[in-house]
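Quick note on my numbering: the sequence shown kicks off at 13 and runs consecutively.
A short write-up of the structure that comes next.
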Amino acid sequence: MRWIVASAWPYINAVPHLGTLVQVLSSDVFARFLRKMGEEVVFVSGSDEHGTPIEIEAIRKGIAPRDLTDKMHSYITWLFESFGISYDNYTRTESDIHKGFVRDFYLKVYNEGHIFERETEQLYCPKDEMFLPDRFVTGTCPHCGYERAHGDQCDRCGRLLNPTDLIDPRCSICGSLPEMRRTKHWFFDLPKFSEKLRKYIEENENLPENAKALSLSMIDEGLRPRSLTRDNKWGIPAPFPGSEGKTIYVWMEAVLGYVSAVKEYFLKRGETGKFEEFWKSEGTRSVYFIGKDNIPFHTIIFPALLMASGEGYVLPFSVASTEFLLYEGEKFSKSERRGIWMDEALQLLPADYWRFYMIYMRPELKDASFSWEDFESKVNDELNDIIGNLIHRVLSFIASRYNGQVPLVELDEEASSFLSRVKEIGREIEDNLMKIKLRDALRTFIEMARLGNKFFNNREPWKDFESNRGRADSTILASYILLKIIAFYMHIFMPFSAEKLWKMLGLGGEPEARAAFSDHDKGKISSLEPLFRKIKKEELINKLNQIRERGEVLSARES
């Protein structure tokens, strides 16, 4: 089976926080799992770098937008690598391949008769001599009264807005009062695809129920044409006749990045035919990891665009949406410095601690909240005391009593039965992962380690070592095989720690199934070190405050 795995493209006007990491990390766990199962996978995403927020930030800093996004793209690419995100292609919307693909795609949709032009009235700043799309205008939200709402969305209530919806609008650049002027724009005729979308959504058994319900409700209410163009400079030039000076709206071009990123990946590899094999074949499944606020773009707009192209692109197999991640019960806020940002997290603890906790409390069915108290509890009681403790006890025993050499004996009945149960748990982990129940998969993995601790305790090899060596040898071999299997599954969730464990087990390369599940593949135990340690929330909070006070990371200097 061929798979396209994708995470929503992060908008790079700022360093992502842990809420953004949830979707990115979820997609990585799923991609790693599929590779372990021998599936053919292309895992993609990229930096979303066009649009008004970047343009405004560049104006304020007195630099070109590309200079700003070059810096941020490089930094965020490094952050994802540091968190072990195993993209096959992490690209950007400034990629020449992406820009060319978007222009060609929309010209094709235009020629198919699914795009039309219309005159509209938009806000215009006479002082700056420019139209004010999206975040070029601020004002009071008509829904909640927030006085610093943007022209595309209110950050307080979350409602999507048009610039003309704002009460007392002002130019974001100079603060002056704008006026209304007529301008021409291009629109995608989304209503044309209402019934095709309804059929696709109703018949797709792999879409989450919340995504189905929301999408069908929007279709029932009546879809509206979607604006495709903007009067701003920073973006991909619109390709339509008479559209000079217009750019493609950032939301409508970034969503096509899932396609262009796969195209770019195979072009770089010199395998141009593979692009169509992946994107235009019924044998491909595409899965998108997003937040619930992005559901309509992935269940309605993106599929409709793929339909409109007439190119036979595969429609989304599943949209793995999560609810919101909060911070101590409140929304993340850059302006109020509420939350934890990715670069701060790496300064506090190694990436695998965060990978473990983010998947453990992944908001799959309802909003979840990061809590320092819960973070401390889960790391200490489960990551360290259950998983880490098992690994350290078994390896230390082999190193001290067996001089690092794993005995190769015939397993007794109890040890064989134990490993059979371990492998059953492994199949449960795989089943949960395939259903994208990542949180359940991780918790089942913890149960595997818990079972290992119970087996080791009950068998008491330290007593048998002198009096019943055969039984002790069987205990140790079974426990060693368990650790190989643990390393195999751990590599999906916590790759850095899994590779350390694999090396401590005396094995080469990275954790793989053949060696992990073999009774005979073994190595010499050496260079032991605890994989995890206990943490104290007070120390981490104090360290976080110091990082911010000293401006030790980019996100701290941005605030």
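Positions of the beta carbon are idealized from the N, C-alpha and C atoms, including for glycine.
Please read all numbers here as calculations on a predicted model, not as lab measurements.
Counted as a single uninterrupted DSSP element, the beta strand (DSSP E) harbouring V53 occupies residues 52-59.
Here the stretch 259-276 makes no contact with the stretch 216-226; the two share fewer than three CB pairs at distances below 8 angstroms. Restricting attention to E207, K139, F477, P203, the CA atom closest to the CA of S188 is found in K139.
Straight-line measurement puts the Cα of T105 at about 33 angstroms from the Cα of E511. Between S57 and W15 a beta carbon distance of about 14 angstroms is seen, past the 8 angstroms cut, so the two are scored as non-contacting. Under the three-state reduction of DSSP output, D180 falls in the strand class. For secondary structure counted as the alpha helix (DSSP H) over 4 or more consecutive residues, the stretch 216-298 holds these complete runs in sequence order: 221-233, 262-266, 269-280, 284-291. As for any alpha helix (DSSP H) of minimum length 4 sitting wholly inside the stretch 303-346, the runs are 314-321, ordered along the chain. A distance below 6 angstroms between beta-carbons, with the five flanking residues on each side excluded, links W263 to no residue of its chain. Nearest to L172 by alpha-carbon distance, out of E422, I179, D146, T195, is D146. For W353, the closest of V565, Y136, D40 by C-alpha to C-alpha distance is V565. N557 and E294 have their C-alpha atoms roughly 52 angstroms apart.
Looking at the DSSP output, I127 shares a beta bridge with F200. Its Cα nearest to that of D164, the residue R242 stands out among E124, H126, R242, V41. DSSP places I16 inside the beta strand (DSSP E), whose first and last residues are 14-19. Per DSSP, the continuous beta strand (DSSP E) segment holding N101 begins and ends at 101-104. The continuous alpha helix (DSSP H) containing S39 extends over residues 30-48. The alpha carbon of M192 has as its nearest neighbour, out of F148, S239, C166, F143, the alpha carbon of F143.
Residue pairing by DSSP places V149 opposite C183 in a beta bridge. Between T132 and the set K48, V149, D116, T176, the nearest pair of CA atoms involves T176. For F382, there is no enclosing alpha helix (DSSP H); the residue is part of the beta strand (DSSP E) that begins and ends at 380-382. Proximity of the stretch 377-393 to the stretch 524-536 falls short of the contact definition, fewer than three beta-carbon pairs being nearer than 8 angstroms. Across the structure, I437 and A26 are spaced so that their CA atoms are roughly 41 angstroms apart. The beta carbon of K292 lies closer than 8 angstroms to those of E323, G324, Y325, V326 in the same chain, with the five residues before and after it left out. Taking C-alpha positions only, C137 is separated from G63 by approximately 18 angstroms.
Linking F205 to Y365 through their CA atoms gives a straight-line distance of about 45 angstroms. Around P375, the same chain offers T334, E335, L337 as residues with beta carbons nearer than 6 angstroms, after the five sequence neighbours per side are excluded. Counting every other CB atom within 10 Å of its CB across the protein chains shown gives R281 a total below 16, marking it as exposed. By the beta-carbon neighbour count (other beta carbons within 10 angstroms, threshold 16), I553 is exposed. Of the other Cβ atoms in all chains shown, fewer than 16 fall within 10 Å of the Cβ of N123; this residue is therefore exposed.
It is roughly 8 angstroms from the alpha-carbon of H404 to the alpha-carbon of E541. Counting only runs of at least 3 residues, the stretch 408-464 fully encloses no beta strand (DSSP E) element at all.
Residue range 481-505 is occupied by the alpha helix (DSSP H) that includes I488. Pairwise C-beta distances place the stretch 35-53 out of contact with the stretch 67-78, as fewer than three of them are shorter than 8 angstroms.
Apart from the 5 residues on each side of it in sequence, L235 sits with its Cβ closer than 6 angstroms to the Cβ of L202, P203, S206 in its chain, given in chain order.
When C-alpha distances from D397 are compared across F42, F148, N465, the shortest belongs to N465.
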